[in-house]
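*Asks:* Below are the structure tokens for one structure; questions will follow.
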Amino acid sequence: MHTPTETGTKIVGMGMCLPEKVLTNFDLEKIVETSDEWIRTRTGIQERRIIAKGQATSDLASEASKQALKNAGLKASDIDLIVVGTITPDMLFPSTACVVQRKIGAENAACFDISAACSGFTYALSIADGLIRSGQYRKALVIGAEALSPFLDWTERSTCVLFGDGAGACILVSTPQKEKGIIASYLGSDGTYADILGIPAGGSAIPPTHESIDARLHTLKMEGSEVFKIAVRTMCDAVFEIAKRAGMKATDIDCLIPHQANLRILQAVAERVEIPLEKLFLNLQRYGNMSAASTAVAMYEAWEAKKFTPGSNTVLVAFGGGLTWASVWIKW
Ligand code: ACO
């Protein structure tokens, strides 16, 4: 146990891993009654990545983690905390974080998963930030990783065209500097909407049976238009709230990294928070909605594209099943 002498946290390395297989909208035209035109105009998505047979969430997460460690100049044994945001764990338990620990050899880490759907990486970052600030940990590996494709109903066009698989990771460390790094975070939830987005079966409420499988209850269900409306409202609220907590204004944001669910949601959010769309980092056209992995992969790609100049302000904002929403303000 460390004493809480340090006062801040900063990101010192990032990584990502995407499956090789690309599934385009044109490929989907052969699977369900849909069209490239419908998917592109309603969502902005053009293609997504799909895991190979035998690949699991922890495989993507481990590769993203190795890259993040390399970029941070750290060894896996330096890490004392692993938090994985995922709703598609390798199995119900042990946690995917423990599986990642074994795969990368991070023998000194405490490990657990966070279930907050698409907000999972932003939640994980906020939790790791709090645990480091409390003095209990110094170097955290924070991951957003999903293999959603095995949990999609590939006969249901309203959901199967939206999602993809992938993982992003970052290394968060303690720092005596307070004015840089993670400046503020905000988490929210509303369980009254628990039924509009989720995978109904496979847990204790509806354990797996032949009937539950025949009824496709182990696949993702979503009331799309209801989720759409709440997404716009909660993401806007989360942007305004994080700006308030950081002592800044929404217009001070230089790079907004939103959860990549739907381009139309993001256009509506950008308009309402009065941030030009060019300041949003978008990759949903290439990867679709990767749930918790979306913000993690987008953050990595924005970093690689040199969007995080010294002194600039980045905000991560996400919402997802639960319902949950979250935002984090980072100063570089
Ligand atoms: N191809 C062609 N037509 C389709 C498809 C498709 N893939 N999917 C649905 N349609 C049809 C519907 O059947 C409907 O037809 P009808 O009018 O004859 O009944 C019509 O298109 C319109 O359907 P809507 O659901 O009203 O379409 P909408 O414009 O709302 O777009 C969408 C649907 C893309 C799902 C949108 O509602 C959305 O993005 N919602 C938010 C989803 C989201 O953000 N999820 C994030 C969280 S995910 C998580 O937490 C894991």
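Everything in the sequence shown is counted per this note's numbering, starting at 29 for the first residue and increasing by one. Beta carbons are placed, not taken as given, at the ideal position from N, Cα and C, and that holds for glycine.
Along the alpha helix (DSSP H) that carries Asn53, what are the first and last residues, could you check?
*Replies:* 53–57 is the span of the alpha helix (DSSP H), which, as asked, contains Asn53.
*Asks:* Assign Glu207 to buried or exposed, taking buried as 16 or more other Cβ atoms, counted over all protein chains shown, within 10 Å of its Cβ.
*Replies:* When all chains shown are included, Glu207 counts as exposed.
*Asks:* Return the residue from the list Pro204, Pro286, Ala271, Ala84 that minimises the CA-CA distance to Met17.
*Replies:* Outside the shown range of the chain, which is 29 to 360, sits residue 17, and nothing can be said about it.
*Asks:* By DSSP, does Asn341 sit in helix, in strand, or in coil?
*Replies:* The answer is strand: DSSP assigns Asn341 an E or B state.
*Asks:* Just to confirm, does Val40 get its C-beta within under 7 angstroms of one of the non-hydrogen atoms of ligand 1?
*Replies:* No, the beta carbon of Val40 sits no closer than 7 angstroms to any heavy atom of ligand 1.
*Asks:* Output yes or no for whether 8 angstroms exceeds the beta carbon distance between Gly275 and Ile115.
*Replies:* Contact: no.
*Asks:* Give a yes or no on contact between the stretch 41–48 and the stretch 181–201, applying the rule of three or more CB pairs nearer than 8 angstroms.
*Replies:* Segments in contact, yes.
*Asks:* Classify Leu159 as buried or exposed, calling it buried when 16 or more other Cβ atoms lie within 10 Å of its own Cβ.
*Replies:* Label assigned to Leu159: buried.
*Asks:* Do Asn311 and Ala289 come within 8 angstroms of each other at the CB atom, strictly closer than that value?
*Replies:* No, these two residues do not count as a Cβ contact at 8 angstroms.
*Asks:* What residues match up with Asn317 in a beta bridge as DSSP calls it?
*Replies:* In the DSSP output, where bridge partners are listed per residue, Asn317 has Phe191.
*Asks:* Please list, in chain order, all residues of the same chain as Glu254 whose beta carbon is under 7 angstroms from its beta carbon, the five residues on each side excluded.
*Replies:* Here the set comprises Ile224.
*Asks:* Among all the DSSP beta bridges, which residues are the ones paired with Gly196?
*Replies:* Paired residues: Met44, Gly172.
*Asks:* Is it the case that the stretch 163–175 contacts the stretch 106–113, given that we only count it when at least three CB pairs across the two stretches are under 8 angstroms?
*Replies:* The stretch 106–113 is in contact with the stretch 163–175.
*Asks:* Please report how far the alpha carbon of Gly252 lies from the alpha carbon of Ala298, in whole angstroms.
*Replies:* The alpha-carbon atoms of Gly252 and Ala298 are separated by roughly 20 angstroms.
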